[in-house]
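Numbering (the UniProt record's numbering), first residue to last: 1 to 127.
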Amino acid sequence: MVDVKVCFQFNITLNAPISLRWDHWCNRATISEILGTNHTVEIPDCFLKYVISSSQWVFPVNFPLHLRNICENFTVAADAGPCLAWKNCDNYKFSNFIEELYASTPNCSWYKHVWPKKNIIRHSIFV
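And the structure:
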């Protein structure tokens with residue numbers, strides 16, 4: 001299956017509900033992937049908006065220095081626009097995601113014989 005992370009573009013905004021630990025906001029990678037998985041425990045599980053104030057990074061006193069250095073390499077947008085874009089476009093549809101997700105999957109010519117017309121495939125995407 002194709003990795004659709006490359007299609008997402010995170011914009012760090014004042015009110016962005018982007019997870020510091022889990023989302024891939026660091027140039028399409030998670031902060032854990034940059035540091036290595038053995039550092040995951042020390043990364044606070046909070047939203048970026050909790051360490052941003054007035055378009056500036058503002059960290060608590062006990063925030064690890066190496067995490068500060070990584071975060072400060074990313075600019076915080078001055079506006080409160082959308083924090084997630086699909087292929088650098090603010091308007092996207094779920095069908096775009098599905099199309100990209102299955103782009104590398106070979107076509108199945110016999111699907112009409114197995115799946116009844118106008119029925120949906122439930123639970124076809126597992127995250």
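Think of the CB as a built atom: it goes at the ideal place given N, C-alpha and C, for glycine as much as any other residue.
Values in this document were obtained by computation on a predicted structure and should not be read as measured data.
- Taking 8 Å as the upper bound for CB-CB distance, L20 and L65 are not in contact here, some 15 Å apart.
- The criterion of a C-beta distance shorter than 9 Å is satisfied by F97 and C7.
- Per the coordinates, the alpha-carbon of T30 lies some 12 Å from the alpha-carbon of L67.
- Shown here, F8 sits in a strand according to DSSP, grouped into three states.
- Spanning the alpha carbons of I12 and A77 requires a straight line of approximately 6 Å.
- Taking P17 as the centre and dropping the five residues before and after it, the same chain places the C-beta of F47 closer than 6 Å to its C-beta, in chain order.
- In terms of CA proximity to Q9, W86 leads the group T105, L101, S54 and W86.
- Across the structure, N62 and R28 are spaced so that their CA atoms are roughly 26 Å apart.
- Note on geometry: alpha-carbon atoms of I52 and G81 lie some 15 Å from one another.
- In this structure D23 is buried. Its beta-carbon is surrounded by 16 or more other beta-carbon atoms within 10 angstroms.
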